[in-house]
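Here the protein sequences line up with chains X and Z, keeping their order.
Just so you know, we're using full-length UniProt numbering here: the first sequence kicks off at 1 and counts up by one.
Just so you know, we're using full-length UniProt numbering here: the second sequence kicks off at 1 and counts up by one.
Beta carbons are placed, not taken as given, at the ideal position from N, Cα and C, and that holds for glycine.
Step one of this worksheet: look at the structure below.
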Amino acid sequence: MTKQRTFILFSLLPALLLLAVFTFYPFFRGVVMAFQNYVLFDLTNVRFIGFQNFENAFNDPKFLYALRNSAIWVVSSLTLQFLIGLSLALVLRRGFRGRGVYQGFVFYSWALSGFLIGLIWKWMFNSQMGVVNDLLMRAGLIEQRIGFLSDPNWAMVSVIVANVWYGIAFFAIMLLAALQSVPAELYEAAGMDGAGAIRKFFSVTLPYIVPTIIATTLLRAIWIFNDPSLIYGLTNGGPAGSTHILSSLMMEKILSGGDYGSASAIGVIMLAMLMLYTVFYLFVTKSEKVGDF
Amino acid sequence: MTKTRVLLSLKVLYLSLHLILMVFPLYWIVMTSLKPKKDIFSFPLHYWPQQFTLENYINIFKISKFHVYIGNSLLVSVLSAVIVIAISILSAYVMARFTFRGHKQIMMAFFSTQMLPGFVSLAPLYLLLAELDLINTRFSLLILYTVGLIPFSTIMLRGFFQRIPSSLEEAAMIDGCSRLGSLYRVILPVMLPGIASTFIFAFVQNWNELFAAVMFIDSESMKTLPVAMNSFIMKFDVDWGAMSAGTVLSVIPTVILFAFAQRYIVEGLTQGAEKG
Chain X
1 MTKQRTFILF SLLPALLLLA VFTFYPFFRG VVMAFQNYVL FDLTNVRFIG
51 FQNFENAFND PKFLYALRNS AIWVVSSLTL QFLIGLSLAL VLRRGFRGRG
101 VYQGFVFYSW ALSGFLIGLI WKWMFNSQMG VVNDLLMRAG LIEQRIGFLS
151 DPNWAMVSVI VANVWYGIAF FAIMLLAALQ SVPAELYEAA GMDGAGAIRK
201 FFSVTLPYIV PTIIATTLLR AIWIFNDPSL IYGLTNGGPA GSTHILSSLM
251 MEKILSGGDY GSASAIGVIM LAMLMLYTVF YLFVTKSEKV GDF
Chain Z
1 MTKTRVLLSL KVLYLSLHLI LMVFPLYWIV MTSLKPKKDI FSFPLHYWPQ
51 QFTLENYINI FKISKFHVYI GNSLLVSVLS AVIVIAISIL SAYVMARFTF
101 RGHKQIMMAF FSTQMLPGFV SLAPLYLLLA ELDLINTRFS LLILYTVGLI
151 PFSTIMLRGF FQRIPSSLEE AAMIDGCSRL GSLYRVILPV MLPGIASTFI
201 FAFVQNWNEL FAAVMFIDSE SMKTLPVAMN SFIMKFDVDW GAMSAGTVLS
251 VIPTVILFAF AQRYIVEGLT QGAEKG
């Protein structure tokens, strides 16, 4: 028995030690910074200021705008990625010759970084030389070039389009994997009971893949909410802050202002929102086993 | 036409549409990278370059140490992925096979790391690495990338372990294998698809990481590819020829790796998802 305990201890030690030193310790130190005046160019003046950073955030129109954008960004990206990814996975479920090659071409976006995807789409959305404008004009859908990234109304739509494009592969892969694990007997049994295709989908397929759906949407929502890299590459929050989400605003506070205090406050607010979301989500979906995929 | 034929044509149409939508951005960036500068900024747009040139590719090696960045990215990404796998296999195995006091809390700790907004930790990490005298070293990235991926890899590998009946290693242990020995000789070969997909995932994440690298690295000889691409925007106010050539070079390894491995990954995930 003691031998087993030693084995458990030593197997977990490297992972836990590294996490403690390089993940949890810096994170808690960062949380402390949220209650400090901590500005890179003013390091002699580091001091505790209570909730001042939080108050400042909620009084800042830029923050409130980013808050609103974050909601739009997460909900619309997630919904579209999921629906398109699911439909693709359903179509791909029954194999066909060349499916492997097809998947290779369709799923590669999964392997690219948000930052590079941002750059690629920045070039495609370019108002002068951009291919998106060119295609729309050739198709006769628009008469004048659209400033996709310079017009605040279009900019948010543009970053969401790029993000949806980016995320389809992830959902398709995860859902395809789940679909392929549905035992064939279940369909045979449903078929003998006289169930049609639609009926089979709702009473066999869907219940079977629900755990995967819950896990992927939960993880993906957190990821989309937390990752500013696509926005950084595509618009860097512009024009005039119109495409900032909370994470990109936090990034800007650090990279251009060195204001770690305010940035950390935004981070703490984000974490609080994520925790609420996760608890709510797990409660609504009655699932505590998320992640077991 | 019969109903099935209509359905089939719809399927083919849908799949083709997806293919075009997903491939076009990459096609476009490749084509841009192969056009001479004057053609990149001229009308009308050409969907097939009138003239192919490698000048953009030659150019990025001239204006920057692109081969050095590639080397740095490869070194850090591969090394970190290997270490991640080594560490996570042990933690995942233990988390899959045993229940013990603190088991649930440790699992929670792994999960919770996935939620932490990265930028909160960046400044304190900078301070910590400065205290350890690791700023502007590839070692700092190696540590951070490894630590960053341990939780997800553990969760993923744990799923794969749970698929494998524990009777397998128990049999080996009765035959006189130690626990580590049976893990190494009996379980790991069965786990290969899972290990491969976890490794590729880790490699791709490291290869793509930007923000930590931007913060912790500033000397030319230590830069990784994403950092180099990032300074391209700053320095040259987006020279789209160089930018597209750089983008193509930085996506090639991950795209190729993924093209070969995606089948494996879906299979691996299926196994992971199927656990009883």
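Identity of the residues DSSP links to residue i by a beta bridge
| i | result |
| --- | --- |
| aspartate 259/X | Val39/X |
| phenylalanine 51/X | Per DSSP, none; premise fails for phenylalanine 51/X. |
Buried versus exposed call for residue i [16 or more other C-beta atoms within 10 Å across all chains shown]
| i | result |
| --- | --- |
| threonine 2/Z | exposed |
| glycine 276/Z | Because glycine 276/Z carries a pLDDT of 35, less than 50, the predicted location of this residue cannot be relied on, and no value is offered for it. |
| histidine 67/Z | exposed |
| leucine 10/Z | exposed |
| tyrosine 47/Z | exposed |
| valine 284/X | exposed |
| threonine 44/X | exposed |
| isoleucine 72/X | exposed |
| lysine 38/Z | exposed |
| threonine 243/X | buried |
| arginine 158/Z | buried |
| phenylalanine 293/X | Confidence is the limiting factor: at phenylalanine 293/X the pLDDT is only 38, short of 50, which leaves the residue's position unreliable and the question unanswerable from this model. |
| proline 25/Z | buried |
| serine 64/Z | buried |
| proline 124/Z | buried |
| tyrosine 27/Z | exposed |
| glutamate 209/Z | buried |
| methionine 108/Z | exposed |
| arginine 138/Z | buried |
| leucine 95/Z | It should be noted that the sequence gives methionine, not leucine, for residue 95/Z. Buried. |
| alanine 172/Z | buried |
| glutamate 143/X | exposed |
| glycine 50/X | exposed |
| histidine 18/Z | buried |
Whole-number beta carbon distance between residue j and residue i, since they are thought to touch under 8 Å
| i | j | result |
| --- | --- | --- |
| leucine 90/X | leucine 179/X | 7 Å |
| threonine 23/X | valine 147/Z | 6 Å |
| alanine 155/X | phenylalanine 148/X | 7 Å |
| isoleucine 146/X | glycine 233/X | Contact flag wrong, Cβ pair sits at about 20 Å. |
| threonine 224/Z | tyrosine 69/Z | 6 Å |
| residue 279/Z | threonine 32/Z | Missing from the structure shown is residue 279/Z; chain Z here goes from 1 to 276 and no further. |
| isoleucine 106/Z | leucine 12/X | 7 Å |
| tyrosine 108/X | alanine 259/Z | 6 Å |
| serine 140/Z | phenylalanine 216/Z | 5 Å |
| isoleucine 155/Z | isoleucine 187/Z | Not confirmed; about 18 Å, so no contact. |
| methionine 275/X | threonine 216/X | Actually they do not touch by this definition, with Cβ atoms about 19 Å apart. |
| lysine 122/X | leucine 249/X | About 19 Å separates the two Cβ atoms, so there is no contact after all. |
Three-state class that DSSP yields for residue i in the structure shown
| i | result |
| --- | --- |
| tryptophan 28/Z | helix |
| tyrosine 65/X | helix |
| proline 14/X | helix |
| serine 16/Z | helix |
| leucine 132/Z | coil |
| isoleucine 83/Z | helix |
| threonine 107/X | Rather than threonine, the amino acid found at residue 107/X in this sequence is phenylalanine. Note: phenylalanine 107/X maps to helix in three-state DSSP. |
| tyrosine 187/X | helix |
| tyrosine 47/Z | coil |
| glycine 114/X | helix |
| alanine 109/Z | helix |
| arginine 263/Z | helix |
| aspartate 292/X | Low confidence applies to aspartate 292/X: its pLDDT is 44, below 50, so where it sits in the model is not reliable, and the reading given next is rough at best. Three-state DSSP puts aspartate 292/X in coil, outside helix and strand. |
| residue 298/X | The question about residue 298/X has no answer here: the residues shown for chain X are numbered 1 through 293. |
| tryptophan 231/X | It is worth fixing the name first, because residue 231/X is isoleucine in this sequence and not tryptophan. Isoleucine 231/X falls in the helix class under three-state DSSP. |
| leucine 80/X | helix |
| valine 182/X | coil |
| isoleucine 198/X | helix |
| serine 242/X | coil |
| alanine 171/Z | helix |
| leucine 141/X | coil |
Legend entry - Interfacial residues, the region 1 to 18 of chain Z to chain X, with Cβ spacing under 8 Å: Under the 8 Å Cβ criterion, the region 1 to 18 of chain Z contributes Lys11, Tyr14, Leu15, His18.
Legend entry - Residues from the region 251 to 265 of chain X in contact with chain Z, defined by Cβ distance under 7 Å: Met251, Ile254, Tyr260, Ala263, Ser264
Inset, instruction - Taking only beta carbons into account, state which residues of the region 50 to 73 of chain Z come closer than 8 Å to chain X, listed in chain order. - result: none
Inset, instruction - Determine which residues of the region 174 to 189 of chain Z have a Cβ less than 7 Å from any Cβ of chain X, and write them out in chain order. - result: Taking 7 Å as the Cβ-Cβ cut-off against chain X, the residues of the region 174 to 189 of chain Z that qualify are Arg179.
Legend entry - Positions along the region 106 to 118 of chain X whose CB lies within less than 9 Å of some CB in chain Z: Val106, Phe107, Tyr108, Ser109, Trp110, Ala111, Leu112, Ser113, Gly114, Phe115, Leu116, Ile117
Inset, instruction - Note down, in chain order, all residues in the region 118 to 129 of chain X with a beta-carbon under 9 Å from any beta-carbon belonging to chain Z. - result: Leu119, Ile120, Trp121, Lys122, Trp123, Met124, Asn126, Gln128, Met129
Legend entry - chain Z contacts from the region 59 to 77 of chain X (Cβ-Cβ distance under 9 Å): none
Legend entry - Chain-ordered residues of the region 22 to 54 of chain X with a beta carbon less than 9 Å from chain Z: Phe22, Thr23, Phe24, Tyr25, Pro26, Phe27, Phe28, Arg29, Gly30, Val31, Val32, Met33, Ala34, Tyr38, Leu40
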